[in-house]
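See below for the structure under consideration.
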Amino acid sequence: MTEIPKIVRQRLQANTKLADHPEPNLLNAFVEQSLAERERVQILQHLSQCVNCREIVALSIAEPDVAEVVSLARAHAGWLSWPTVRWVAAAACIVVIGAIVAIHQTHDSGQHSAIRVSMSTHAIVDNAAPSQSPNLNPAPVQAAERRTSRKTSGNQKVTDAAPFEIADARTASPFSEVVPGRAKDSGPQGAEQAIGGPTTNDNGMNAESGTFFPDDLATESLAPRWTLSWDGVLQRSVDSGRTWQTVPVASHLILRALAANGLDIWVGGKAGALFHSSDAGQHWTQMLPIANGQPFVGDIVGVEFNDGLHGKLTSSNREIWITSDAGQTWQKQ
Amino acid sequence: MPRDASQSVGEASARLDSLLSEIYVKSKGEVCGLSRAQFDSILAEIARKYLPADTTQSEICDFYGTLRVEELALARACAIGNEHAWEVFLTRYREKLYEIAGYITKESSTARELADSIYADLYGTRTRDGQRASKLASYTGRGSLEGWLRTVMAQEHVNRYRRQRRLVSLDEEAEEGAQFATTEPEPAIVADPRVETAVDEVLAALAPEDRFVLASYFLDERTLADIARTLGVHESTISRKLDKLAKSLRKQILASLGRRGMSRRQAQEALEVDVRDLRVNIRSRLAQETGGRAFTKKKAETPAGDGS
Numbered sequence: 000m001t002e003i004p005k006i007v008r009q010r011l012q013a014n015t016k017l018a019d020h021p022e023p024n025l026l027n028a029f030v031e032q033s034l035a036e037r038e039r040v041q042i043l044q045h046l047s048q049c050v051n052c053r054e055i056v057a058l059s060i061a062e063p064d065v066a067e068v069v070s071l072a073r074a075h076a077g078w079l080s081w082p083t084v085r086w087v088a089a090a091a092c093i094v095v096i097g098a099i100v101a102i103h104q105t106h107d108s109g110q111h112s113a114i115r116v117s118m119s120t121h122a123i124v125d126n127a128a129p130s131q132s133p134n135l136n137p138a139p140v141q142a143a144e145r146r147t148s149r150k151t152s153g154n155q156k157v158t159d160a161a162p163f164e165i166a167d168a169r170t171a172s173p174f175s176e177v178v179p180g181r182a183k184d185s186g187p188q189g190a191e192q193a194i195g196g197p198t199t200n201d202n203g204m205n206a207e208s209g210t211f212f213p214d215d216l217a218t219e220s221l222a223p224r225w226t227l228s229w230d231g232v233l234q235r236s237v238d239s240g241r242t243w244q245t246v247p248v249a250s251h252l253i254l255r256a257l258a259a260n261g262l263d264i265w266v267g268g269k270a271g272a273l274f275h276s277s278d279a280g281q282h283w284t285q286m287l288p289i290a291n292g293q294p295f296v297g298d299i300v301g302v303e304f305n306d307g308l309h310g311k312l313t314s315s316n317r318e319i320w321i322t323s324d325a326g327q328t329w330q331k332q
Numbered sequence: 000m001p002r003d004a005s006q007s008v009g010e011a012s013a014r015l016d017s018l019l020s021e022i023y024v025k026s027k028g029e030v031c032g033l034s035r036a037q038f039d040s041i042l043a044e045i046a047r048k049y050l051p052a053d054t055t056q057s058e059i060c061d062f063y064g065t066l067r068v069e070e071l072a073l074a075r076a077c078a079i080g081n082e083h084a085w086e087v088f089l090t091r092y093r094e095k096l097y098e099i100a101g102y103i104t105k106e107s108s109t110a111r112e113l114a115d116s117i118y119a120d121l122y123g124t125r126t127r128d129g130q131r132a133s134k135l136a137s138y139t140g141r142g143s144l145e146g147w148l149r150t151v152m153a154q155e156h157v158n159r160y161r162r163q164r165r166l167v168s169l170d171e172e173a174e175e176g177a178q179f180a181t182t183e184p185e186p187a188i189v190a191d192p193r194v195e196t197a198v199d200e201v202l203a204a205l206a207p208e209d210r211f212v213l214a215s216y217f218l219d220e221r222t223l224a225d226i227a228r229t230l231g232v233h234e235s236t237i238s239r240k241l242d243k244l245a246k247s248l249r250k251q252i253l254a255s256l257g258r259r260g261m262s263r264r265q266a267q268e269a270l271e272v273d274v275r276d277l278r279v280n281i282r283s284r285l286a287q288e289t290g291g292r293a294f295t296k297k298k299a300e301t302p303a304g305d306g307s
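First to last, the sequence lines map onto chains W and V. The opening position of the first sequence corresponds to residue 0 in numbering that gives the first Met the number 0, with each subsequent residue numbered one higher. The opening position of the second sequence corresponds to residue 0 in numbering that gives the first Met the number 0, with each subsequent residue numbered one higher.
Structure, rendered in structure tokens:
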């Protein structure tokens with residue numbers, strides 16, 4: 000790195016500004032790149048002369064893994080970043096084309112088996128009426144228990160009646176709405192379009208592929224972003240935060256914590272509610288952490304999963320629970 | 000007022016009113032216990048704060064569209080003491096407060112103290128004119144509520160650090176090897192004032208972003224990655240910018256010194272001289288005693304803006 004003359008360094012220090020510090024709202028908006036250009040220039044002008052405010056800004060920037068979950072309003076794009084954007088766009092196109100080709104080949108050879116798998120999944124969600132479109136009903140509670148019971152080991156207990164009804168992310172349910180204020184399109188149709196909207200027939204099957212798995216979700220090459228609204232609703236963006244869709248997890252559920260690691264999503268909320276999806280929110284399994292015979296009590300306010308196996312829960316009463324086997328067993332710290 | 004003008008004003012007002020209704024619904028203010036009138040008043044206060052008086056209604060509408068209205072409703076409902084809003088806020092953000100404090104302070108007991116202190120300010124344990132004064136009343140929705148909490152905590156941490164530095168004892172300083180100099184005599188050699196003038200002129204002409212990058216890298220010793228993350232660009236962009244700036248600065252300063260009557264050789268020598276050899280009376284020129292990074296050297300305590 001080319002050095003600057005010492006006199007330049009000294010004069011940079013000398014010309015400092017000690018008044019008219021920007022307030023936290025503006026500094027934060029600067030960090031999140033949501034200021035208008037005029038304001039941004041004013042903030043930069045002050046920051047260039049104020050070591051205090053530069054320090055505050057440096058401390059305000061979230062760690063990179065946290066910043067991915069919080070949506071940024073705008074990325075500052077100078078002409079110098081165009082080469083990077085160009086190569087990333089080219090790489091993304093190649094990946095998408097390759098994935099589409101692979102899916103078509105898989106579809107031709109595995110169409111019947113996909114239908115069999117999806118029909119059985121459909122039956123689990125709505126075992127009362129397997130020929131009808133999946134909808135919210137008490138049957139999925141039993142399904143959750145059944146799916147949970149398959150994973151149950153000595154440390155995990157299945158309750159008789161979970162208070163939640165697990166929604167099927169594939170249906171156009173009342174939950175499938177585009178978050179107002181963020182997306183340009185709205186309504187269930189808009190939501191489907193935003194996620195690459197499959198057309199479904201009356202049985203809820205994808206009209207094109209004959210499966211219950213939307214093609215766009217199966218072939219999605221760009222990792223979705225996740226967030227929780229302030230009222231505890233899970234939201235997903237597949238276009239780098241430009242639009243957001245509500246992802247149904249279960250009814251009567253207020254979520255407070257979220258961890259996303261590829262297709263693995265963990266959400267936690269009030270009264271120890273913990274749900275896991277291994278397919279980017281298409282299906283959910285309720286997890287019931289138990290340690291030494293005691294169930295998890297309190298609200299889940301923190302969820303961390305650095306990989307598919309190792310995770311940590313934090314409760315509102317400051318308990319820490321850890322797992323090293325993707326939630327099969329838990330230990331209380 | 001001509002009919003066309005009054006018609007367009009009427010249309011603009013109708014659009015604004017329709018937008019305010021829409022925003023109120025999106026904010027879920029009713030769930031938080033905020034009435035439509037209260038929320039409209041909050042929005043108007045925010046518009047007055049950030050927009051010039053001659054802003055058109057269309058521009059105001061666009062501005063409102065950039066605000067985080069759900070988080071704004073939650074924060075303002077907490078500020079007036081709504082129980083449900085507090086429950087939501089605590090469940091969502093209390094743990095985050097400790098995490099943020101830990102990231103900022105890098106030490107658990109200091110982090111806890113900082114988080115508890117901020118929580119007290121947010122809850123409003125102090126009163127002003129007999130009314131509870133919650134810091135959440137100053138959140139304006141320009142950025143995310145979580146990001147605002149980070150900035151508030153960072154600001155408090157920076158101000159605390161500066162206050163504590165003022166109280167470091169002289170004995171401790173002496174043990175650390177600090178020298179307490181007597182009054183300096185008048186310098187025997189005075190540097191060519193044209194050098195400083197030329198440098199000041201070139202620095203003043205820099206774009207704010209360029210100057211910010213220079214100060215962050217050379218004064219604060221931030222990494223390229225940190226600076227890039229602040230500006231939302233790639234690290235290599237900052238690296239190229241710094242190289243280009245450093246070379247361009249030298250060229251411009253030499254040109255400026257040339258315009259001031261120095262020969263090329265004199266100008267180059269002037270730039271090569273260590274500033275410590277110049278014996279310029281720096282104290283009379285500096286507004287404050289500055290050093291490198293804020294947390295590594297003593298500085299005159301000047302609290303950053305308090306956000307009010």
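We put the beta carbon where it would ideally sit given N, CA and C, even for glycine. Treat the numbers as computed from the prediction; the structure is a model and nothing was measured.
The beta-carbon separation of residue 256 of chain W and residue 289 of chain W, rounded to 19 Å, does not stay under the 8 Å limit for a contact.
Counting of Cβ neighbours within 10 angstroms places residue 232 of chain W among the buried residues, the total reaching 16 or more. Three or more beta-carbon pairs separated by less than 8 Å link the region 143-156 of chain V to the region 15-27 of chain W, which places the two stretches in contact.
Chain W has a Cβ within less than 9 Å of the Cβ of residue 152 of chain V. Cβ contact annotation for residue 234 of chain V (same chain, cutoff 7 Å, sequence separation greater than five): 223, 224 and 227, in chain order. Close partners of residue 156 of chain V in chain W (Cβ separation under 7 Å): 58. By the Cβ-count criterion, residue 239 of chain V is exposed, with fewer than 16 other Cβ atoms from all chains shown falling within 10 Å of its own Cβ.
For the region 216-237 of chain V, the residues whose beta carbon sits under 7 Å from a beta carbon of chain W are, in order, 217, 218, 219, 221, 225, 228, 229, 230, 231, 232, 233 and 236. With respect to residue 262 of chain W, residue 227 of chain W sits apart: the two C-beta atoms are not nearer than 9 Å. Here residue 329 of chain W is buried, its C-beta having at least 16 other C-beta atoms within 10 Å.
When secondary structure is reduced to three states using DSSP, residue 223 of chain W falls in the coil class, being assigned neither helix nor strand. Within chain V, no C-beta atom comes less than 9 Å from the C-beta of residue 241 of chain W; the nearest is roughly 14 Å away. Residues of chain W with a Cβ closer than 8 Å to the Cβ of residue 138 of chain V are, in chain order, 24. Exclusion of the five residues before and after residue 78 of chain V leaves 133, 135 and 136 as the residues of its chain whose Cβ lies within less than 6 Å of its Cβ. Beta-carbon to beta-carbon, residue 41 of chain V and residue 71 of chain V are separated by about 7 Å, close enough to satisfy the 8 Å threshold. Residue 162 of chain V is outside the set of residues whose beta carbon lies under 9 Å from a beta carbon in chain W.
For residue 314 of chain W, the enclosing beta strand (DSSP E) has its first and last residue at 310-314. Using a Cβ-Cβ cut-off of 7 Å, residue 255 of chain W is close to 90 and 91 of chain V, given in chain order. At least 9 Å separates the CB of residue 263 of chain W from every CB of chain V. Against chain V, a Cβ distance below 7 Å from residue 4 of chain W picks out 249 and 270. With a contact defined as Cβ atoms closer than 8 Å, residue 313 of chain W and residue 326 of chain W miss out at about 15 Å.
Below the 9 Å Cβ cutoff, chain V contributes no neighbours of residue 89 of chain W, its closest Cβ being approximately 16 Å away. Residue 255 of chain W: member of the beta strand (DSSP E) spanning 254-260, first to last residue.
Between the alpha carbons of residue 99 of chain W and residue 86 of chain W lies a distance of about 20 Å. Here the region 27-38 of chain V makes contact with the region 78-95 of chain V; the two share three or more CB pairs at distances below 8 Å.
Considering only beta carbons, the part of the region 37-58 of chain W lying closer than 7 Å to chain V consists of 40, 43, 44, 46, 47, 50, 51, 52, 53, 54, 55, 56, 57 and 58, in chain order. About 37 Å separates the beta carbons of residue 151 of chain V and residue 6 of chain W, which is beyond the 8 Å limit, so they are not a contact pair. In summary, residue 296 of chain W is exposed, with fewer than 16 beta-carbon neighbours lying within 10 Å of its beta-carbon over all protein chains present. The alpha-carbon of residue 254 of chain V is positioned some 11 Å away from that of residue 247 of chain V. DSSP places residue 296 of chain W outside both helix and strand once states are collapsed to three, so it counts as coil. When secondary structure is reduced to three states using DSSP, residue 263 of chain W falls in the strand class. Contact check between the region 96-110 of chain V and the region 45-60 of chain V: fewer than three CB pairs, one atom from each, fall below 8 Å, which does not count as touching. Residue 65 of chain V and residue 33 of chain W have their C-alpha atoms spaced approximately 8 Å apart. Taking 9 Å as the upper bound on Cβ-Cβ separation, chain V lies near residues 227, 228, 229, 230 and 231 of the region 227-239 of chain W. The three-state secondary structure of residue 282 of chain W, taken from DSSP, is coil.
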